[in-house]
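Input: a single structure, listed below in structure tokens.
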Amino acid sequence: MEFELPDKRIITVEEQESGSWSVDGEEMDLDVQRLGPAEFHVIQGEMGYRVFIEDRDEETGSMVLRVNGERVDMRSRGRYESLLESLGMKDLASSKAKDLKAPMPGLVIEVFVSPGDEVEKGQKLLVLEAMKMENIIKAEAPGLVKDVLVKNSDSVEKNEVLIHFEA
Numbered sequence: 000m001e002f003e004l005p006d007k008r009i010i011t012v013e014e015q016e017s018g019s020w021s022v023d024g025e026e027m028d029l030d031v032q033r034l035g036p037a038e039f040h041v042i043q044g045e046m047g048y049r050v051f052i053e054d055r056d057e058e059t060g061s062m063v064l065r066v067n068g069e070r071v072d073m074r075s076r077g078r079y080e081s082l083l084e085s086l087g088m089k090d091l092a093s094s095k096a097k098d099l100k101a102p103m104p105g106l107v108i109e110v111f112v113s114p115g116d117e118v119e120k121g122q123k124l125l126v127l128e129a130m131k132m133e134n135i136i137k138a139e140a141p142g143l144v145k146d147v148l149v150k151n152s153d154s155v156e157k158n159e160v161l162i163h164f165e166a
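The opening residue of the sequence shown carries number 0 in numbering that gives the first Met the number 0; numbering runs sequentially from there.
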């Protein structure tokens, strides 16, 4: 399985038939014991690590781990994403947010983001009231907010640009 580390390096970790592990093709002497559904004890040489999976998003592959109490954010990469990248189609594998347009005419009730904010897929961006219903508008992809063109109580028309994202 491939993992993207916080420094954006990609590593491949595989369990071998012999029970040993390899990282980027290099065999490592690791002893991994499951202590619970989300807790592991990993021994490498003379070092021991307690690993707890604090949060995991199956859709994005992102994970928050606690390794000996220290937070580590990482992301597992699926086979589809790895295949696209190997074919030179990396941009398809990691699409970024495009400008957010109003899906319908309405009234902006609340804006949750500001210019410079990093957003994740599924994150709340704003609440739009239309036909007496409040609609939570969420990010379709990760991105960086470049500009917010609306504020609370603004009326908007269908397809009006509400938020610009960095390209």
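Think of the CB as a built atom: it goes at the ideal place given N, C-alpha and C, for glycine as much as any other residue.
Non-local beta-carbon contacts of Glu38 in its own chain, meaning distances under 6 angstroms to residues more than five positions away in sequence, involve Phe51 in chain order.
Taking 8 angstroms as the upper bound for CB-CB distance, Pro141 and Lys123 are not in contact here, some 14 angstroms apart. For the 8 angstroms CB-CB criterion, Pro114 and Asp146 form a contact. Within the stretch 13-83, the complete beta strand (DSSP E) segments of 3 residues or longer fall at 20-22, 25-27, 29-35, 38-43, 46-55, 61-66, 69-76, listed in chain order. Taking C-beta atoms as the reference points, Glu156 and Ala101 count as a pair closer than 8 angstroms. Rounded to the nearest angstrom, the Cβ distance from Val110 to Val144 is 10 angstroms, too far for a contact under 8 angstroms.
If you look at Met103, you'll find it isn't in any beta strand (DSSP E); DSSP assigns it neither H nor E.
Between Leu148 and Leu127, the C-beta spacing is not below 8 angstroms. Buried is the label assigned to Leu125, since at least 16 other Cβ atoms lie within 10 Å of its Cβ. In the same chain as Asn151, and ignoring 5 residues on each side of it, the C-beta atoms closer than 8 angstroms to its own belong to Val107, Ile108, Glu109, Val110, in chain order.
If you ignore the 5 residues before and after Asn67, its C-beta comes within less than 7 angstroms of the C-beta of Tyr48, Arg49, all in its own chain and listed in chain order. In the structure shown, Ala129 falls within a strand segment according to DSSP collapsed to helix, strand and coil. With a cutoff of 8 angstroms on beta-carbon distance, Glu25 and Thr11 are scored as not near each other. About 7 angstroms separates the Cβ atoms of Gln43 and Asp28, confirming a contact at the 8 angstroms cut-off.
DSSP, reduced to helix, strand and coil, places Val110 within a strand of the structure shown.
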